[in-house]
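*Asks:* For reference, the structure I am asking about is given below.
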Amino acid sequence: MSDNIPFEIQTEIIQRLPVKSLIRFRSVSKTWKSLIDSSDFVARYSGQQRLLVGYDGLLDFKQKYVSVVDDDTFPQHKVYVHVPLMVKMLKRSTTIDGSHGLLCSHGDYQLDRDSPTFGTGRAVMWNPSIRKAVSVVVPNVAYGTFETVLGFGVCRETNDPKIVKIIHISNGRDVGSITCIIPRQVEVFTLSTNAWRYSYSNLPRKSIHFSYYRVVIDGFIYWLATDRIARDGGVGKF
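Read in order, the letters of the sequence shown are residues 1 to 238 in UniProt numbering.
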């Protein structure tokens, strides 16, 4: 594309390209690669909405993914998705959530835990459209007395992907018998800084038990939760 064309016009044209073309055009120049990889571009990308479907192969039992158009024509428009090696290597992996074209999976690269109570996990944020993935170390994953829940979303103000980690008392434990402060109760990972930040304020009560059911709406992560002292249910958000 000619350098005489303003970059704003180039951006408008690129936003209308199909995903396969975007992948190829990332190698045209550093400027285009930076544009296509940016969170702002992902948020504005006007391509046709697609669904990512995961399944286990019948012969090799390996997990595979296929991208389909979200309408009645999906049988004619399915595309097999390249799965990054860092996603394939995850053991006991689960999908945390998806947002703005990004998926976040969590698991372990080693089956052995670091200790009986706390270990280190691994999260992978990846964009199937541009075949880009980032691996994130998840510290202080709790086992036994405490449990860990994770959430994933993209900040509305900054378009910055974030992972939220909450540690709470296990469901089978007597809340009244736990007198210590819950260690590292809430931590947030921000992709732009590549760092975890510990939250000191507005923490949930230690009687709150978070389920693994969650949803992302308008930049907030909502968990189904229960207060084991009040004996009522509710929804907590971050």
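Note that the Cβ used here is the ideal one computed from N, Cα and C, for glycine as well.
Using only alpha-carbon positions, find the residue among Y200, L52, I221 that is nearest to V83.
*Replies:* When each option's Cα is compared against that of V83, the closest is L52.
*Asks:* Are there 16 or more other CB atoms within 10 angstroms of the CB of T117, so buried, or fewer, so exposed?
*Replies:* Here T117 scores only 47 on pLDDT, less than 50, and its place in the model is too uncertain to base an answer on.
*Asks:* Quick one: grab the DSSP three-state call for M86.
*Replies:* In this structure, M86 counts as helix in the three-state DSSP scheme.
*Asks:* Determine the direct distance from the alpha carbon of V124 to that of F25, and round the result to whole angstroms.
*Replies:* So the alpha carbons of these two residues sit roughly 24 angstroms apart.
*Asks:* So, helix, strand or coil for S99, using DSSP?
*Replies:* Correct three-state label for S99: strand.
*Asks:* Distance, Cα to Cα, L224 vs I208?
*Replies:* Approximately 10 angstroms, taken between the alpha carbons.
*Asks:* Tell me the rounded alpha-carbon separation between T120 and N4.
*Replies:* For T120 and N4, the distance between alpha carbons rounds to 51 angstroms.
*Asks:* Count the other C-beta atoms from every protein chain shown that fall within 10 angstroms of the C-beta of S99, then say buried if there are 16 or more, exposed otherwise.
*Replies:* Counting Cβ neighbours within 10 Å, S99 comes out buried, since at least 16 surround it.
*Asks:* Out of Q15, N140, L85, state which residue places its alpha-carbon closest to the alpha-carbon of A133.
*Replies:* For the residues Q15, N140, L85, the minimum Cα distance to A133 belongs to L85.
*Asks:* Can you name, in chain order, every residue of its own chain whose Cβ lies under 6 angstroms from the Cβ of D187, other than the five neighbours on each side?
*Replies:* Position check: residue 187 holds Glu in this sequence, whereas Asp was assumed. So the list reads K165, W196, Y198, once near-sequence residues are dropped.
*Asks:* By the 10 Å Cβ neighbour count, where 16 or more other Cβ atoms means buried, how is N202 classified, buried or exposed?
*Replies:* Flag for N202 reads exposed.
*Asks:* Buried or exposed for S21, please, with buried defined as at least 16 other CB atoms from any protein chain shown within 10 angstroms of its CB.
*Replies:* So S21 ends up on the exposed side.
*Asks:* I'd like the list of long-range same chain contacts for G153, defined as Cβ closer than 8 angstroms, with 5 residues on each side in sequence excluded.
*Replies:* Only D97, S99, P161, K162, V164, V216, G219, F220, I221 meet the Cβ criterion.
*Asks:* How many Å lie between V137 and S93 at the Cα?
*Replies:* The alpha-carbon atoms of V137 and S93 are separated by roughly 14 angstroms.
*Asks:* Looking only at C-alpha atoms, which of S129, Q185, I182, F189 sits nearest to S135?
*Replies:* Comparing Cα-Cα distances from S135 to each of S129, Q185, I182, F189, the minimum goes to F189.
*Asks:* Is T226 helix, strand or coil when you go by DSSP?
*Replies:* T226: strand per DSSP, three-state reduction.
*Asks:* What do you get for L102, buried or exposed, if any count of 16 or more other CB atoms within 10 angstroms of its CB means buried?
*Replies:* Buried.
*Asks:* By alpha-carbon positions, which one of L59, S105, N140, E147 ends up nearest to P128?
*Replies:* It is S105.
*Asks:* On a CA-only basis, which of T226, K30, L191, S34 is nearest T158? Give me that one, please.
*Replies:* The candidate whose alpha carbon is nearest that of T158 is L191.
*Asks:* What residues are listed by DSSP as bridge partners for G219?
*Replies:* Note: G219 sits in no beta bridge, so no partner.
*Asks:* Can you tell me which of the three DSSP states T148 falls into?
*Replies:* The answer is strand: DSSP assigns T148 an E or B state.
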